[in-house]
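*Asks:*
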Amino acid sequence: MKDDKTIEMLQILEEDARITPAEISKMTGVPEKNVSELIGKLERKGAIIKYKTVVDWEKAGVEYIYALIDLKVNLDRDNGYDSIAERISMFPEVESVRLVSGNYDLAVIVKGKSMKDVASFIAEKISTLEQVRDTVTHFSLKMYKREGEMLHKKDADRRLAVSA
Amino acid sequence: MKHISNRVQNIHSSGIRKFFDLVLGVEDIISLGVGEPDFVTPWHIREACIYSLERGYTSYTSNWGVLELRELIADKLRGDYGVEYDPEGEILITTGVSEGMDLVLRATINPSDEVIIPEPGYVAYKPCVILAGGMPVTIDTRIDNDFKATPEEITSKITENTKAIILNYPNNPTGSTMKGSELEEIADIAVEHDLLVISDEIYAKLTYEGTHTCFSSLNGMRNNTILLNGMSKAYAMTGWRIGYACGNREILENMMKIHQYTMLCSPITAQMAAVEALRNSDDSLRKMVTEYNRRRNLIVKGLNSIGLHCFEPKGAFYTFPSIADFNLKSEEFAERLLREEMLAVVPGNAFGNAGEGYLRCAYAVSREVLNEALSRLERFVGRLG
Ligand SMILES: Cc1ncc(COP(=O)(O)O)c(C=O)c1O
């Protein structure tokens, strides 16, 4: 499945989820029918998880608070990292969960409506989990880049409108 | 005008310039008229330049340019095309291909020497030949031959005064490319008539089908070719003004003589950035080329589907659609398109008489702009009936 065309489709879609199979077909020369089939296959396989929009909530006038949490966990004979990681992932407040190398085990990002919200979520739902040994919480003060997109800066087109 | 030299009075300001003045008066235009990448120079290159300033690289360089940069260019040319140039004496760093072209012409052309220029062609060639004291002799390439110069067309223009021929593939404004076997035939003519070939390969890295053939890699051409290339197009570095000229030691030495007195050297800041670009840009280059290729497919299909017949350009970032069906001159078409739809393109005749009846539409624009431009064109063409 990992052929060049598949990778190209995914790259195009990763950049622009709204692009149509017709347009992808024009750009790549792959017949539209094949594009649609391939996308269907990738969706069924779970290689395409979902089509979402990158929102700058601050610009939209809506406040959200993000916190990055470093978690140390205790493992026992029956439970490896997966079970605790998946358990934490189930909370809708949790944006992402990663197992990481280094001084702690799990890197978790939590999103909430206010600092208080986020703090109490961590205190009540995360720190109290039996396997959680230690947490360090970093509140995010300002976001500069998300999903590969710069949030506060766009390169203006500074070129002359017509040139040789 | 009493102070203006006769030589300069003999050249006209470019048709693009004229059109640019028109565009200035129109608000909210979108443009397919821009002859440079829409990408900003990749960040790692900009960052390396900032670092070079921090370390105090602010001096003149050798007249030939920074040796490290010349060595990197030699490596690239060897790796990409198998041509060998000595970084000491056969490679000169210039202030863009623009300067390289001027230098080679001034270093080689005597009064009444003729220089063959295929058209439609880049706007600077003819004026540069005239400024160097030579005589431009144009040939009209044709769309039914994908705007390639043919051996017959070239041979028909050769006289005892013919000194050189300028080639530019991939081509501005048509996007045309030439295969190795086709260039080989031109090389044979050059050898037979002892012509110098000036090969402007600034779009070489923007080749989407087939592989680019470097003219000096052809049999017997290394010593009769001046290869011009630079950072502007492939690396999205137009504003940095870095190019290079490679060729026969004697010609290069004489080009350097002019460069030394008129330019001294290319800006060191930009040379340092070019070093970084040649070292570490494979990835960013590939991404940009992939994106241009996608847009190329979009625009060629789009233009053809609205009745602007367009052959498939295999290089650069230009399309050159025909407006033959609409009974308007290129300039009229482009002016009306600008006024009625606020869409700028360049009238084909800006690139020589052979460009009359065509438009140059560049696809160095985002896909959103491209799609919007195509719908404006479609609306406009629809009204023309
Ligand atoms: C064919 C051709 N040659 C040369 C140039 C000028 O290049 P540079 O920026 O290296 O002076 C251009 C720029 O548009 C071009 O299209």
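Chains as they are written, first to last, in the numbering used here: chain D, 4 to 167; chain V, 241 to 625. Glycine included, every Cβ here is placed at the ideal spot set by N, Cα and C.
From residue 272 of chain V to residue 604 of chain V, what distance separates their C-alpha atoms?
*Replies:* Rounded to the nearest angstrom, the two C-alpha atoms are 8 Å apart.
*Asks:* Rounded to whole angstroms, what is the Cα-Cα separation between residue 111 of chain D and residue 100 of chain D?
*Replies:* Each residue's Cα considered, the two are about 5 Å apart.
*Asks:* Are the CB atoms of residue 584 of chain V and residue 383 of chain V nearer to each other than 7 Å?
*Replies:* No, Cβ-Cβ distance for residue 584 of chain V and residue 383 of chain V is not below 7 Å.
*Asks:* Report the rounded CA-to-CA distance for residue 409 of chain V versus residue 67 of chain D, giving the unit in angstroms.
*Replies:* Cα-Cα distance, rounded: 54 Å.
*Asks:* For residue 350 of chain V, which option in V:461, V:562, V:452 and V:372 has the closest C-alpha, if you only look at C-alpha atoms?
*Replies:* Considering only alpha carbons, the answer is V:372.
*Asks:* Between residue 303 of chain V and chain D, is any beta-carbon pair separated by less than 7 Å?
*Replies:* No, because no Cβ of chain D sits closer than 7 Å to the Cβ of residue 303 of chain V.
*Asks:* Counting only C-beta atoms, is residue 331 of chain V closer than 7 Å to chain D at any point?
*Replies:* Taking Cβ atoms only, chain D never reaches closer than 7 Å to residue 331 of chain V, which makes this a no.
*Asks:* Would you say residue 137 of chain D touches ligand 1, meaning its beta carbon is less than 6 Å from a heavy atom?
*Replies:* Outside the cutoff, so no.
*Asks:* Taking the alpha helix (DSSP H) that residue 623 of chain V falls in, what are its first and last residues?
*Replies:* Where residue 623 of chain V is concerned, the enclosing alpha helix (DSSP H) stretches over 607 to 624.
*Asks:* To the nearest angstrom, how far is the alpha carbon of residue 497 of chain V from that of residue 285 of chain V?
*Replies:* Distance between the alpha carbons of residue 497 of chain V and residue 285 of chain V: 30 Å.
*Asks:* Please classify residue 374 of chain V as buried or exposed, where buried requires at least 16 neighbouring CB atoms within 10 angstroms.
*Replies:* Label assigned to residue 374 of chain V: buried.
*Asks:* Please state the DSSP three-state secondary structure of residue 135 of chain D.
*Replies:* In the structure shown, residue 135 of chain D sits in a strand (DSSP, three-state: E or B).
*Asks:* Using CA coordinates, which residue listed in V:378, V:573 and V:421 is at the minimum distance from residue 393 of chain V?
*Replies:* Minimum Cα distance to residue 393 of chain V is reached at V:378.
*Asks:* Within the structure, which residues are defined as neighbours of ligand 1 by a Cβ-heavy atom distance below 6 Å, reported in chain order?
*Replies:* Output, sorted by chain position: D:167, V:275, V:336, V:337, V:338, V:362, V:408, V:412, V:440, V:442, V:470, V:472, V:478 and V:483.
*Asks:* Closest by CA to residue 504 of chain V, which one among V:614, V:305 and V:454?
*Replies:* Residue 504 of chain V has its Cα closest to that of V:305, out of V:614, V:305 and V:454.
*Asks:* Give me the Cβ distance between residue 455 of chain V and residue 467 of chain V, rounded to the nearest whole Å; I'm assuming they're in contact under 8 Å.
*Replies:* Going by Cβ atoms, the distance from residue 455 of chain V to residue 467 of chain V rounds to 7 Å, so yes, they are a contact pair.
*Asks:* How would you list, in chain order, the residues of chain V whose beta-carbon sits under 9 Å from the beta-carbon of residue 13 of chain D?
*Replies:* Correct list: empty, because the minimum Cβ distance to chain V is about 13 Å.
*Asks:* Would you please verify whether the beta carbon of residue 29 of chain D is less than 7 Å from any beta carbon of chain V?
*Replies:* It does; some Cβ of chain V falls within 7 Å.
*Asks:* Have a look at residue 282 of chain V and residue 324 of chain V and give me their C-alpha separation to the nearest angstrom.
*Replies:* Going by the C-alpha atoms only, they are around 28 Å apart.
*Asks:* Going by alpha carbons, who is nearest to residue 167 of chain D out of V:624, V:463 and V:277?
*Replies:* Residue 167 of chain D has its Cα closest to that of V:277, out of V:624, V:463 and V:277.
*Asks:* Evaluate residue 14 of chain D with the Cβ neighbour count: other Cβ atoms within 10 Å of its Cβ, from every protein chain shown; 16 or more gives buried, anything less gives exposed.
*Replies:* By the neighbour-count rule (16 or more Cβ atoms within 10 Å), residue 14 of chain D is not buried but exposed.
*Asks:* Indicate whether residue 553 of chain V and residue 415 of chain V have their beta-carbon atoms separated by less than 7 Å.
*Replies:* Cβ distance < 7 Å, so residue 553 of chain V and residue 415 of chain V count as in contact.
*Asks:* On the CB-based measure, 16 or more other CB atoms within 10 Å of its CB, does residue 511 of chain V come out buried or exposed?
*Replies:* So residue 511 of chain V counts as buried.
*Asks:* If we call anything under 7 Å between Cβ atoms a contact, is residue 546 of chain V one with residue 618 of chain V?
*Replies:* Yes; because the gap between Cβ atoms is below 7 Å, this pair is in contact.
*Asks:* How many angstroms separate the CA atom of residue 65 of chain D from the CA atom of residue 129 of chain D?
*Replies:* Taking the straight line joining both Cα atoms gives about 25 Å.
*Asks:* Please state whether the Cβ-Cβ distance between residue 362 of chain V and residue 412 of chain V is less than 7 Å.
*Replies:* The answer is yes: Cβ separation under 7 Å.
*Asks:* First and last residue of the beta strand (DSSP E) that includes residue 440 of chain V?
*Replies:* Note, residue 440 of chain V: beta strand (DSSP E), 436 to 440.
*Asks:* Would you mind sorting residue 60 of chain D into buried or exposed? The rule is 16 or more other CB atoms within 10 Å of its CB.
*Replies:* Residue 60 of chain D comes out exposed.
*Asks:* Along chain V, which residues have their Cβ under 7 Å away from the Cβ of residue 32 of chain D?
*Replies:* Those within 7 Å of residue 32 of chain D in chain V are 537.
*Asks:* Are there 16 or more other CB atoms within 10 angstroms of the CB of residue 344 of chain V, so buried, or fewer, so exposed?
*Replies:* By the 10 Å Cβ count, residue 344 of chain V comes out buried.
*Asks:* Please report the distance separating the alpha-carbon of residue 452 of chain V from that of residue 555 of chain V.
*Replies:* In a straight line, the C-alpha of residue 452 of chain V is about 9 Å away from that of residue 555 of chain V.
*Asks:* Starting from the beta carbon of residue 273 of chain V, find every residue of chain D whose beta carbon is closer than 8 Å, and list them in chain order.
*Replies:* Neighbours of residue 273 of chain V on chain D, chain order: 164, 165 and 166.
*Asks:* Please state if the CB of residue 495 of chain V and the CB of residue 332 of chain V are separated by a distance shorter than 7 Å.
*Replies:* Yes, the pair counts as a contact, with Cβ atoms nearer than the cut-off.
*Asks:* Helix, strand or coil for residue 443 of chain V per DSSP?
*Replies:* It is coil, neither helix nor strand.
*Asks:* Measure from the C-beta of residue 6 of chain D to each C-beta in chain V and report whether the shortest distance is under 7 Å.
*Replies:* So, not an interface residue.
*Asks:* Count the CB pairs spanning the stretch 394 to 409 of chain V and the stretch 426 to 443 of chain V that are closer than 8 Å, and state whether there are at least three.
*Replies:* Verdict: yes, contact present.
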